[in-house]
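1 is the number of the first residue of the sequence shown in the working numbering; add one for each residue after it.
Backbone N, C-alpha and C define an ideal beta-carbon position, used for all residues, glycine too.
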Amino acid sequence: MLKFLPVRSVINQLTLRLRRLIGLGPRVALYVRHSNGDTTGSSFARQLEEVRSYGATLGGNISRLYVDAGGGVRTPLDAFAAAAKRGDFDVLVVQDVDRLTRNVTEFAKLIASGVRIQSVREGGDLANFFVPLSTRAE
């Protein structure tokens, strides 16, 4: 059975491969969030430095910075999916998966939409972070 990918997805994948072939790394987006709204504190600065440093190790250019100042409202995850589909970035770097979302269903939808997420604390690509219960050993 043939599987057809959306044209935009194919273009983004080809663009990333071409960037690698000519020696350019991925376009990296950084996401930082401070739950109490204080974006001037040392913990916020430390989080920003961690994601910047990690993003630099990916060998690409930092093309976007998403900042949530907290207050109970997070950047809608569909905004990340839309930005990735437009080709705004290739990889989203977060400090910790719970900075992004604590809702497993939302996280799974984001991964399924094709957004590549790297986490500083979890140590890499989060595509296989959650193992479905049906695949766990009995």
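Look at the alpha carbon of residue i and the alpha carbon of residue j, and state the distance between them as a whole number of angstroms.
i: A48; j: A82; result: The question names Ala, but residue 48 in the sequence shown is Leu. Each residue's alpha carbon lies about 23 Å from the other.
i: L77; j: I22; result: 31 Å
i: K109; j: S42; result: 32 Å
i: F80; j: L24; result: 22 Å
i: A98; j: R33; result: Note that residue 98 is Asp in the sequence shown, not Ala. If I take the Cα positions, the gap works out to 10 Å.
i: F44; j: R27; result: 23 Å
i: L126; j: F107; result: 10 Å
i: T135; j: S35; result: For T135, the predicted structure reports a pLDDT of 43, less than 50, and the residue's modelled location is therefore unreliable. A value from the coordinates is still provided. The alpha-carbon atoms of T135 and S35 are separated by roughly 34 Å.
i: S53; j: R46; result: 10 Å
i: I111; j: L18; result: 23 Å
How about residue i and residue j: do their beta carbons lie closer than 9 Å?
i: V91; j: V120; result: no
i: A155; j: S113; result: The chain is shown from 1 up to 138; residue 155 falls before or after that span and cannot be answered.
i: T15; j: G87; result: yes
Going by C-alpha distance, which of the options is nearest residue i?
i: N61; options: A45, I117, L30 and G124; result: L30
i: L100; options: A112, S113 and I117; result: I117
i: G123; options: L18, R17 and T57; result: T57
Excluding the 5 residues preceding and the 5 following residue i in the sequence, name in chain order all residues of the same chain whose CB lies nearer than 7 Å to its CB.
i: L65; result: L30
i: F89; result: R27, V28, A29, S63, R64 and A83
Name, in chain order, the residues that DSSP records as bridge partners for residue i.
i: L30; result: L65 and V93
i: I117; result: L92
i: G124; result: S119
Which same chain residues end up closer than 8 Å to residue i when comparing Cβ atoms and leaving out the 5 residues on each side of it in sequence?
i: V51; result: L30, Y31, V32, V93, V94, Q95 and V120
i: V115; result: F80, A81, A84 and L92
Less than 6 Å between C-beta atoms, sequence neighbours within five positions excluded: which residues of the same chain meet that for residue i?
i: V67; result: V32
i: G55; result: V28, L30, I62 and V93
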